[in-house]
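Asks: Numbering of the sequence shown is given in the working numbering, commencing with residue 2 and proceeding in unit increments. For every residue, glycine included, the Cβ atom is placed at its ideal position computed from N, Cα and C. First, the structure itself, so that you have it in front of you.
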Amino acid sequence: MTTGIFFHKEFIGKNWPVVGDRYEGFDKLIEDLSKDSEIEVIEPEPVSEELLLRIHSKDFLEEQRSSWYYYGAKLTVGGFVKACEMVWKEKLKNAVVFLVAAGHHASKSSAWGGTYLSCIGPTSLRLRELGLRRFVLIDTDAHHGDGDRDVLKEDEDAFHLCFCWRDLEEDSKLCVNVRSPEGDEWYLEKVRSMFPRIRDFKPEMIIHFLGHDTHWNDYGSLGLSENFYIELAREVKLLAEEVCDGRYVIMDGGGANREVGKYIWPRIIKVLKK
Ligand SMILES: [Zn+2]
Ligand SMILES: [Zn+2]
Numbered sequence: 002m003t004t005g006i007f008f009h010k011e012f013i014g015k016n017w018p019v020v021g022d023r024y025e026g027f028d029k030l031i032e033d034l035s036k037d038s039e040i041e042v043i044e045p046e047p048v049s050e051e052l053l054l055r056i057h058s059k060d061f062l063e064e065q066r067s068s069w070y071y072y073g074a075k076l077t078v079g080g081f082v083k084a085c086e087m088v089w090k091e092k093l094k095n096a097v098v099f100l101v102a103a104g105h106h107a108s109k110s111s112a113w114g115g116t117y118l119s120c121i122g123p124t125s126l127r128l129r130e131l132g133l134r135r136f137v138l139i140d141t142d143a144h145h146g147d148g149d150r151d152v153l154k155e156d157e158d159a160f161h162l163c164f165c166w167r168d169l170e171e172d173s174k175l176c177v178n179v180r181s182p183e184g185d186e187w188y189l190e191k192v193r194s195m196f197p198r199i200r201d202f203k204p205e206m207i208i209h210f211l212g213h214d215t216h217w218n219d220y221g222s223l224g225l226s227e228n229f230y231i232e233l234a235r236e237v238k239l240l241a242e243e244v245c246d247g248r249y250v251i252m253d254g255g256g257a258n259r260e261v262g263k264y265i266w267p268r269i270i271k272v273l274k275k
């Protein structure tokens, strides 16, 4: 099976909220990836309004519809839903989903921080319709995934494991404090310390909101180096192979530094396709 890469050329050349034109130059990268027989590059289609309406309130969606970034957000959600469906149906081994204007700060009826539609809400609905019950959502973006927490709050079969600025535990919703970090290895050890909890939960898929805004030279710096993200993906991939037949989908979370993006994504994809 191949590794899926979800990317749309619409994502290039626009000043997206918070992350700007972070995919400038990615056309070359995507073209190179598409020549690899172990990789399938897929151009996403926009998510349907019907599916969005099952998560977001009508008034909220009405408001979003008038924004210039709404189409990009819908392509992002469409790509993420498709990626998880294909991995679940074993049409892809694992996947990376590139993202604009949608993500972890979108609640059911409010949103902020550059992400204006929920990715996880529509996806969890679709996966359940296809028979998946339990999944883990790991969030290693610099910021707390408040929108995802809101969308998943009543979903006991979703383990939301968020690395942010506090320690908190409520049933299957957990936050781990990673403020005042002491380097790559320190953060990786925090993540590893949660692996037993993930094993105990017995997920059927691991989903990862992987922000590189935590890089030392990005807007949410936690002092991490570019090689941190590659090692992180490698270790979570191994865990996914152990607990859920390798079903692992990574979203490009926060982060505006395109040099970091250009460095980490080809390397993370190489790790995934192994
Ligand atoms: Zn962030
Ligand atoms: Zn959190």
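Is it true that the CB of Leu138 sits closer than 8 Å to the CB of Trp89?
Replies: The answer is no: Cβ separation not under 8 Å.
Asks: Bridge partners for Lys36 per DSSP, in chain order?
Replies: Paired residues: none, contrary to the question.
Asks: What whole-angstrom Cβ distance do Phe210 and Gly104 have, given they're in contact under 8 Å?
Replies: Contact flag correct, Cβ pair sits at about 7 Å.
Asks: Quick check on this structure: which residue in Val244, Ala234, Asn258, Gly79 has the alpha carbon closest to the alpha carbon of Lys275?
Replies: If we check each option's Cα against that of Lys275, Ala234 comes out closest.
Asks: From the DSSP secondary-structure annotation, give me the bridge partner or partners of Lys249.
Replies: The sequence given here has Tyr at residue 249, not Lys. Tyr249 pairs with Ile207.
Asks: Taking 7 Å as the cut-off, does the CB of Gly224 come closer than this to any heavy atom belonging to ligand 1?
Replies: No - ligand 1 has no heavy atom lying nearer than 7 Å to the Cβ of Gly224.
Asks: Among Thr124, Asp246, Val42, Asn258, whose alpha-carbon lies nearest the alpha-carbon of Glu25?
Replies: Comparing Cα positions, the closest option is Asn258.
Asks: Taking Lys174 as the reference, give the member of Glu260, Glu190, Arg198 with the closest Cα.
Replies: Cα-wise, what sits closest to Lys174 is Arg198.
Asks: Hey, which unbroken runs of the beta strand (DSSP E) at 3 residues or more fall wholly within the region 131-217?
Replies: Whole beta strand (DSSP E) segments, 3+ residues: 136-140, 159-165, 169-171, 174-178, 206-211.
Asks: Where do the N-terminal and C-terminal ends of the alpha helix (DSSP H) with Asn228 fall, by residue?
Replies: 227-244 is the extent of the alpha helix (DSSP H) around Asn228.
Asks: Check whether the region 187-205 touches the region 153-166, counting contact only when three or more Cβ pairs, one atom from each stretch, lie closer than 8 Å.
Replies: Yes, the region 187-205 is in contact with the region 153-166.
Asks: Specify the secondary structure class of Phe99 as computed by DSSP and reduced to three states.
Replies: Phe99: coil per DSSP, three-state reduction.
Asks: I need the DSSP call for Gly5, collapsed to helix, strand or coil.
Replies: Three-state result, Gly5: strand.
Asks: Kindly provide the ranges of any alpha helix (DSSP H) runs that are 4 or more residues long and lie completely inside the region 17-70, ordered along the chain.
Replies: Whole alpha helix (DSSP H) segments, 4+ residues: 27-35, 50-54, 59-66.
Asks: Can you tell me which of the three DSSP states Ala84 falls into?
Replies: In the structure shown, Ala84 sits in a helix (DSSP, three-state: H, G or I).
Asks: Residues around ligand 2, please: the condition is that the C-beta lies closer than 5 Å to some non-hydrogen atom of it.
Replies: Qualifying residues come out as His145, Cys163, Cys165, Cys176.
Asks: Mind checking which residues open and close the alpha helix (DSSP H) that includes Lys10?
Replies: No alpha helix (DSSP H) holds Lys10; DSSP gives it neither H nor E.
Asks: Verify the contact flag: Gly262, CB atom, against every heavy atom of ligand 1, threshold strictly below 7 Å.
Replies: Outside the cutoff, so no.
Asks: Grab the span of the alpha helix (DSSP H) containing Tyr117 for me, first residue to last.
Replies: Tyr117 -> no alpha helix (DSSP H), and no H or E assigned at all.
Asks: Which residue's Cα is closest to the Cα of Leu126: Val101, Glu155, Gly115?
Replies: Considering only alpha carbons, the answer is Glu155.
Asks: Should Lys10 go down as buried or exposed, given a rule of 16 or more other Cβ atoms within 10 Å for buried?
Replies: When all chains shown are included, Lys10 counts as exposed.
Asks: Is it right to say Asp149 is buried, meaning 16 or more other beta carbons lie within 10 angstroms of its own, or is it exposed?
Replies: It is buried - the Cβ of Asp149 has at least 16 other Cβ atoms within 10 Å.
Asks: 8 Å is my cut-off, CB to CB: does Gly132 come that close to chain B?
Replies: The chain labelled as chain B is not found in the depicted structure, where only one protein chain is given.
Asks: Near Gly21, what residues of its chain come up, given a Cβ to Cβ distance below 6 Å and the 5 sequence neighbours on each side ignored?
Replies: Contacts found: Ala257.
Asks: Which of helix, strand or coil does DSSP assign to Ala74?
Replies: Correct three-state label for Ala74: helix.
Asks: At a cut-off of 7 Å, would you count Gly221 as near ligand 1, judging by its Cβ distance to the nearest heavy atom?
Replies: Flag set: Cβ of Gly221 near ligand 1.
Asks: Could you tell me whether the Cβ atoms of Ile213 and Gly262 are closer together than 8 Å?
Replies: Residue 213 is actually His in this sequence, not Ile. For His213 and Gly262, yes; Cβs fall inside 8 Å.
Asks: May I ask you to check if the CB of Asp214 is nearer than 7 Å to at least one heavy atom of ligand 1?
Replies: Flag set: Cβ of Asp214 near ligand 1.
Asks: Would you mind stating whether Ile208 and Ile231 have Cβ atoms separated by less than 8 Å?
Replies: Cβ distance not < 8 Å, so Ile208 and Ile231 don't count as in contact.
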